[in-house]
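Under my numbering, read the sequence shown as residues -4 to 239, first letter to last.
I have placed the structure first, in the form of structure tokens, so that the comments after it can refer back to it.
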Amino acid sequence: MSFSHTDLPTLRDMCERAAQDVVTTLAAKQASGGEAHLVLTGGTAGIETCRQLLALHQAAEQQRESFPIDAINWETTHVYFGDERNVPVADPESNEGQAREALLNHVPIPESNIHSFGLDGTEDSAYLTNKATEYEALLPERFDVHLFGVGPDGHVNSLFPSHAALVEEDWLVTFVTDSPKPPAQRLTLTFPAVARADKAILLISGKAKAAAFAAVDAGKPATECPAAEVTRRTNATVFTSELG
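Next up, the structure:
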């Protein structure tokens, strides 16, 4: 599949545009009476997008009576995470913990609709295998939107260049024990799970990630640039900023 690309002046502008895209997509799905399924991502851009989603929610609430605008119905939204470090949610390194602080603690989403990996830092492969199996059982048939931060090496979720998780095709969730970025142990959605997204949004910001965008644009193989594989498996939108 191909992808659309929009370049914005700043990281904040990029994340605001991405958040608007998420709101428009989910609101349209919910207008027809369906539930919405959103995959959040960590990292600087991912968490800033969470902040922008909160700002849009607050704006919609403030003008709901006088001038209604598109808004996510959080009561019928289910949230998932593209990957998670093997730490408790209270740990500052937790993607879920950061997303809760930036967004989820401030919107009316039922706790049961926040689908946590539930990790506690136990360093055991059997534990990670069980947690991956449990999380896979929570996943829907389709995601409406899957947000992706993209690393300087082109990684998405915890799918890193040349890592074994890239070739996983039987499972929707797997574990990584040798992440090049600490902590080494993580759970991650795999490419078969990525393919369940009706829309993928990739966030690429900063000069350090210019090469990653170039690799996406060139359609490099997954072993070199996992982010490029997302654009082959989904309907993808790429937002960039400050690439230099």
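Where a beta carbon is used, it is the ideal one built from N, C-alpha and C, also for glycine.
From a predicted model like this one, the values you see are computed outputs, not experimental measurements.
CA nearest to the CA of residue i, picked from the options
{"i": "F258", "options": "S153, T124 and L167", "result": "With the chain represented from -4 up to 239, any question about residue 258 goes unanswered, as that position is not in the structure."}
{"i": "A13", "options": "P83, F(-2) and G41", "result": "G41"}
{"i": "R7", "options": "N230, E219, S200 and E164", "result": "S200"}
{"i": "R46", "options": "A121, L134, H101 and A97", "result": "A97"}
{"i": "I64", "options": "F155, K176, M9 and L21", "result": "L21"}
{"i": "D165", "options": "V189, G77, P147 and I104", "result": "V189"}
{"i": "V102", "options": "E56, Q180 and L3", "result": "E56"}
{"i": "T5", "options": "T39, S107 and Q58", "result": "T39"}
{"i": "L133", "options": "F155, H32 and C10", "result": "H32"}
{"i": "S89", "options": "Q180, P187, A26 and R191", "result": "Q180"}
{"i": "E43", "options": "M9, E237 and P105", "result": "M9"}
Sub-9 Å separation of residue i and residue j beta-carbons
{"i": "A66", "j": "V18", "result": "yes"}
{"i": "A127", "j": "L182", "result": "yes"}
{"i": "F(-2)", "j": "T226", "result": "yes"}
{"i": "R80", "j": "P178", "result": "yes"}
{"i": "H110", "j": "Y130", "result": "yes"}
{"i": "E136", "j": "T72", "result": "no"}
{"i": "G239", "j": "K215", "result": "no"}
{"i": "T229", "j": "T1", "result": "no"}
{"i": "E70", "j": "N108", "result": "yes"}
Whole-number beta carbon distance between residue j and residue i, since they are thought to touch under 8 Å
{"i": "V82", "j": "L99", "result": "The Cβ separation is near 17 Å, so there is no contact."}
{"i": "T185", "j": "A160", "result": "6 Å"}
{"i": "G77", "j": "T36", "result": "5 Å"}
{"i": "P156", "j": "K204", "result": "Not quite, the Cβ-Cβ distance comes to about 14 Å (not below 8 Å), so this is no contact."}
{"i": "Q25", "j": "N68", "result": "5 Å"}
- request: May I ask you to verify whether the region 37 to 50 touches the region 170 to 185, counting CB pairs closer than 8 Å and requiring at least 3?
  value: Not touching, per the Cβ criterion.
- prompt: How about the region 201 to 220 and the region 103 to 122: do they share at least three Cβ pairs that are nearer than 8 Å?
  reply: The region 201 to 220 vs the region 103 to 122: no contact.
query: What are the complete beta strand (DSSP E) segments, minimum 3 residues, inside the region 156 to 214?
result: List check, beta strand (DSSP E) in window: 168 to 171, 181 to 184 and 195 to 200.
message: Using 8 Å as the cut-off, can you tell me whether the region 185 to 197 makes contact with the region 130 to 150, which would need three or more C-beta pairs spanning the two stretches below that distance?
response: Because the criterion of three Cβ pairs below 8 Å is met, the region 185 to 197 and the region 130 to 150 touch.
- request: Entirely within the region 62 to 111 and at least 3 residues each: give me those beta strand (DSSP E) ranges in chain order.
  value: As far as the region 62 to 111 is concerned, its whole beta strand (DSSP E) runs of at least 3 residues are 72 to 76 and 78 to 80.
query: So does the region 149 to 161 actually touch the region 215 to 235, counting three or more Cβ pairs closer than 8 Å?
result: Judged by Cβ distances under 8 Å, the region 149 to 161 makes contact with the region 215 to 235, as three or more pairs qualify.
task: Identify every run of the beta strand (DSSP E) within the region -3 to 76, keeping only runs that are complete inside it and at least 3 residues long; order them along the chain.
output: Counting only runs of 3 or more, we get -2 to 3, 31 to 35 and 72 to 76.
message: My parser needs the alpha helix (DSSP H) runs of 4 or more residues fully inside the region 109 to 157; what are they?
response: Listed in chain order, they are 120 to 133.
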